[in-house]
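Residue numbers (my numbering): 137 to 276. Where is the CB? At the ideal position from N, CA and C, for every residue including glycine. What follows is a single structure, written as structure tokens, with notes after it.
See the structure below:
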């Protein structure tokens, strides 16, 4: 069996790095993904989903060194379940509503955009989002 998740989002805070007893670096990232849409009645809606990402080894050191709050990243990895619930970790927000956070063990982290670039596909990235298609080429 195999699973893979790919997320593109913004860091919600600066990375936090620590070392395991055997010397392996581990960096924790909080990545927010946003989805916006308009409902049939014209009301604009937005949904934010948070992912807690753990990056290991040399990639963890690089992520800690170059990433900061607000940067866009592409993460490829696998979902890991909360041992107590078997699903995402749940928490209570300040307003009393329940939220969920999904844990991801990263295989690959790619930086998107420049240090001060908030737009997708900016300067210093090795991520290629693919060639743009003309409107007539889209199959639907």
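Cβ-based neighbour list, residue i, same chain, cut-off 6 Å, excluding 5 preceding and 5 following
i: residue 154; result: 162
CA-to-CA distance, residue j to residue i, given in whole angstroms
i: residue 165; j: residue 188; result: 6 Å
i: residue 167; j: residue 225; result: 15 Å
i: residue 209; j: residue 236; result: 20 Å
i: residue 222; j: residue 241; result: 16 Å
i: residue 246; j: residue 183; result: 23 Å
i: residue 199; j: residue 177; result: 42 Å
i: residue 156; j: residue 137; result: 28 Å
Three-state secondary structure assigned by DSSP to residue i
i: residue 183; result: strand
i: residue 229; result: coil
i: residue 141; result: strand
i: residue 207; result: coil
Residue nearest to residue i in terms of C-alpha spacing, selected from the options
i: residue 149; options: 201, 206 and 138; result: 206
i: residue 160; options: 192, 170, 177 and 228; result: 192
i: residue 218; options: 248, 239 and 173; result: 239
i: residue 144; options: 176, 221, 185 and 178; result: 185
Host alpha helix (DSSP H) of residue i (start-end)
i: residue 198; result: 194-202
Range of the contiguous beta strand (DSSP E) that encloses residue i
i: residue 153; result: 152-155
i: residue 235; result: 234-248
i: residue 177; result: That residue, residue 177, is in no beta strand (DSSP E); it is neither H nor E in DSSP.
Close-in-space but distant-in-sequence residues of the same chain around residue i (CB under 8 Å, 5 per side omitted)
i: residue 227; result: 234, 235, 236 and 237
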